[in-house]
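In numbering that gives the first Met the number 0, the protein residues as written are 0 to 446.
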Amino acid sequence: MNQTPNIAADRLPPDILARNFSDAHPPLTEGQATIESDRCFFCYDAPCVEACPTGIDIPGFIKKISTGNITGSARTILESNIFGGSCARVCPTEILCEGKCVRNSQEDRPIQIGTLQRHATDWQMGTGEQPFSRAPLTGKRIAVVGAGPAGLACAHRLAMQGHDVVVFDARPKGGGLNEYGVAAYKLADEFAQKEVAFVLSIGGITVENEMVLGRDITLASLRAQYDAVFLGIGHAGVRALGITGEYFPGVRNAVEFIEDLRVSPTKSDVPVGRRVVVIGGGNTAIDAAVQAKRLGAEEVTLVYRRAAENMSATTVEQEWAQTNDVTIRYWSAPVRIDGSEDGVASVTFARGLTKDGRPVYDQGEYTLEADMVLKAVGQLFLPDPLAEDEIVIEGGRIRVDAEGRTTMTGVYAGGDCTAGEDLTVAAVRDGRNAAEAITADLMKAGN
Numbered sequence: 000m001n002q003t004p005n006i007a008a009d010r011l012p013p014d015i016l017a018r019n020f021s022d023a024h025p026p027l028t029e030g031q032a033t034i035e036s037d038r039c040f041f042c043y044d045a046p047c048v049e050a051c052p053t054g055i056d057i058p059g060f061i062k063k064i065s066t067g068n069i070t071g072s073a074r075t076i077l078e079s080n081i082f083g084g085s086c087a088r089v090c091p092t093e094i095l096c097e098g099k100c101v102r103n104s105q106e107d108r109p110i111q112i113g114t115l116q117r118h119a120t121d122w123q124m125g126t127g128e129q130p131f132s133r134a135p136l137t138g139k140r141i142a143v144v145g146a147g148p149a150g151l152a153c154a155h156r157l158a159m160q161g162h163d164v165v166v167f168d169a170r171p172k173g174g175g176l177n178e179y180g181v182a183a184y185k186l187a188d189e190f191a192q193k194e195v196a197f198v199l200s201i202g203g204i205t206v207e208n209e210m211v212l213g214r215d216i217t218l219a220s221l222r223a224q225y226d227a228v229f230l231g232i233g234h235a236g237v238r239a240l241g242i243t244g245e246y247f248p249g250v251r252n253a254v255e256f257i258e259d260l261r262v263s264p265t266k267s268d269v270p271v272g273r274r275v276v277v278i279g280g281g282n283t284a285i286d287a288a289v290q291a292k293r294l295g296a297e298e299v300t301l302v303y304r305r306a307a308e309n310m311s312a313t314t315v316e317q318e319w320a321q322t323n324d325v326t327i328r329y330w331s332a333p334v335r336i337d338g339s340e341d342g343v344a345s346v347t348f349a350r351g352l353t354k355d356g357r358p359v360y361d362q363g364e365y366t367l368e369a370d371m372v373l374k375a376v377g378q379l380f381l382p383d384p385l386a387e388d389e390i391v392i393e394g395g396r397i398r399v400d401a402e403g404r405t406t407m408t409g410v411y412a413g414g415d416c417t418a419g420e421d422l423t424v425a426a427v428r429d430g431r432n433a434a435e436a437i438t439a440d441l442m443k444a445g446n
């Protein structure tokens with residue numbers, strides 16, 4: 000990004016930056032975990048389990064915590080979700096498991112399922128031991144493209160089943176969005192890399208980094224060399240605003256800003272404006288806005304085109320942003336960005352409201368002064384590397400069946416490159432389920 004006068008790094012002292020980007024939600028102590036676990040009713044047919052995309056036996060793992068069986072608790076979680084540690088930190092539990100907790104109807108406070116899950120999985124990872132072992136080797140080799148949660152969850156399950164797995168990833172490090180796309184304070188202290196190492200510790204998985212599909216490898220070559228292929232290639236593109244001034248210096252994609260923070264050890268070298276405007280309404284927008292403020296921006300305004308309830312970011316995330324002095328403006332559609340080759344000056348928005356069930360922006364305009372604009376209006380799957388293959392793209396994603404099979408025999412897919420919830424936990428489910436389908440299909444074929 001071209002540097003502009005009002006965009007600068009090192010706005011805050013190192014000690015404040017370290018505090019601002021440390022773990023936002025500290026873990027429970029052993030005593031706190033015991034007390035919280037004792038609040039659980041251990042429901043039969045628990046609604047929290049139904050709400051979890053990976054189907055973790057939530058009453059089961061909480062019961063084990065309450066009885067002091069932390070080993071069993073961790074295993075219960077991880078056998079359903081090998082990324083239970085990161086999911087405990089980044090899952091929107093308020094709309095998933097905790098949102099369905101029966102305690103909500105009694106005292107307006109659900110069981111802290113996410114923090115209890117973190118308590119158990121952190122303990123397991125702290126032992127340095129892999130709780131699972133591999134089945135007898137099958138002699139089969141599976142290629143996995145993408146070392147994010149979907150790809151690595153698939154690889155881990157395949158390794159458990161006795162297959163050898165080679166994971167190809169475009170990035171220098173594995174982890175996908177956990178490593179590059181989540182707010183630094185959510186997965187602090189190099190947790191994403193620690194979790195990758197934990198997943199790989201089962202053995203039988205080789206990772207080849209900086210291998211780009213379509214450049215260094217092709218689907219055709221992988222199909223020829225391996226018994227099956229899993230695609231967990233996520234989103235590689237971002238949506239444009241499509242307005243004047245979008246490419247002035249000082250305007251950038253929020254995902255790139257977040258990545259800069261993720262890869263910076265101190266954060267002091269990441270530039271930020273004095274007045275930052277973030278355009279969007281999802282978790283990426285929230286993460287970018289809060290981190291801009293914690294990096295030292297004087298004013299941060301998050302602007303969304305519709306109402307609060309229409310945002311994909313949850314109410315908890317919106318409140319978190321406001322707690323961090325981020326101003327949120329609703330019903331505002333970007334019209335233009337004014338500035339010059341020297342940088343951004345302002346962003347103009349059209350005010351809107353609902354008419355006949357549709358958003359209409361005819362309530363006049365207003366302008367926000369800004370020297371940095373972060374775009375967070377959605378990410379896109381780019382099918383270009385698959386253009387010459389017989390993979391059907393539907394609705395901008397790879398078409399798969401319920402178990403992750405694509406329209407090409409022997410090729411499976413999951414995570415953000417397929418339709419469904421763009422959540423880490425959903426990606427883990429997709430990878431795990433595809434691994435089960437791969438093994439079942441190989442056995443059925445008599446291979």
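Just so it is clear, CB atoms sit at the ideal spot from N, CA and C, and this is done for glycine as well.
- A residue is called buried when at least 16 other Cβ atoms come within 10 angstroms of its Cβ; residue 148 meets this threshold and is buried.
- Between residue 295 and residue 10, the CB-CB gap stays under 7 Å.
- In the DSSP secondary-structure assignment, residue 230 is bridged to 144 and 412.
- If you draw a straight line from the Cα of residue 278 to the Cα of residue 47, it is about 33 Å long.
- Here the alpha carbons of residue 398 and residue 366 stand approximately 42 Å from one another.
- A check of alpha carbon separations from residue 321 across 288, 308, 306 and 51 identifies 288 as the nearest.
- Nearest C-alpha to residue 39 among 65, 28 and 16: 65.
- Per DSSP, reduced to three states, the secondary structure at residue 266 is coil, with no helix or strand assignment.
- Assigned with DSSP and collapsed to three states, residue 16 falls in helix.
- Assignment of beta-bridge partners to residue 163 by DSSP yields 140.
- Between residue 328 and the set 336, 352, 339 and 337, the nearest pair of CA atoms involves 352.
- The C-alpha of residue 226 is placed about 30 Å away from the C-alpha of residue 86.
- The Cβ atoms of residue 63 and residue 41 do not sit closer than 7 Å to each other.
- Shortest Cα-Cα distance from residue 33 to any of 102, 18, 119 and 76 involves 119.
- In this structure, residue 74 sits away from residue 25, with a CB-CB distance that is not shorter than 7 Å.
- Rounded to whole angstroms, the gap between the alpha carbons of residue 54 and residue 79 is 7 Å.
- Between the alpha carbons of residue 14 and residue 264 lies a gap of roughly 13 Å.
- Taking a C-beta distance under 7 Å as the contact criterion, residue 161 and residue 199 do not qualify as a contact pair.
- Spatial neighbours of residue 344 in its own chain (CB-CB distance under 6 Å, excluding positions within 5 residues in sequence) are listed in chain order as 337 and 338.
- By alpha-carbon distance to residue 426, the top candidate from 217, 51 and 20 is 51.
- The Cβ atoms of residue 158 and residue 213 do not sit closer than 7 Å to each other.
- Shown here, residue 172 sits in coil according to DSSP, grouped into three states, outside any helix or strand.
- Apart from sequence neighbours up to five positions away, the residues of its chain that approach residue 364 with a beta-carbon distance below 8 Å are 334, 347, 348, 349 and 350, ordered along the chain.
- Under the 10 Å beta carbon count, residue 220 is surrounded by fewer than 16 other beta carbons and is classified as exposed.
- Residue range 57 to 65 is occupied by the alpha helix (DSSP H) that includes residue 58.
- Counting only runs of at least 4 residues, the region 68 to 104 fully encloses the following alpha helix (DSSP H) elements, listed from N- to C-terminal order: 69 to 77 and 83 to 89.
- The Cβ-Cβ distance between residue 156 and residue 434 falls below 7 Å.
- The Cβ neighbour count for residue 411, taken over all protein chains shown within 10 Å, is at least 16; the residue is labelled buried.
- Taking one beta carbon from each stretch, the region 186 to 196 and the region 354 to 361 have fewer than 3 pairs nearer than 8 Å; the two do not touch.
- Residues of the same chain with a CB within less than 7 Å of the CB of residue 133, apart from the 5 flanking positions on each side, are 158, 159, 161, 201, 202 and 203 in chain order.
- For residue 285, there is no enclosing beta strand (DSSP E); the residue is found in the alpha helix (DSSP H) stretching over 282 to 294.
- Note that the C-beta distance between residue 205 and residue 165 is below 7 Å.
- The criterion of a C-beta distance shorter than 7 Å is satisfied by residue 280 and residue 303.
- When only Cα atoms are considered, residue 240 and residue 126 end up about 47 Å apart.
- By the Cβ-count criterion, residue 371 is buried, with 16 or more other Cβ atoms from all chains shown falling within 10 Å of its own Cβ.
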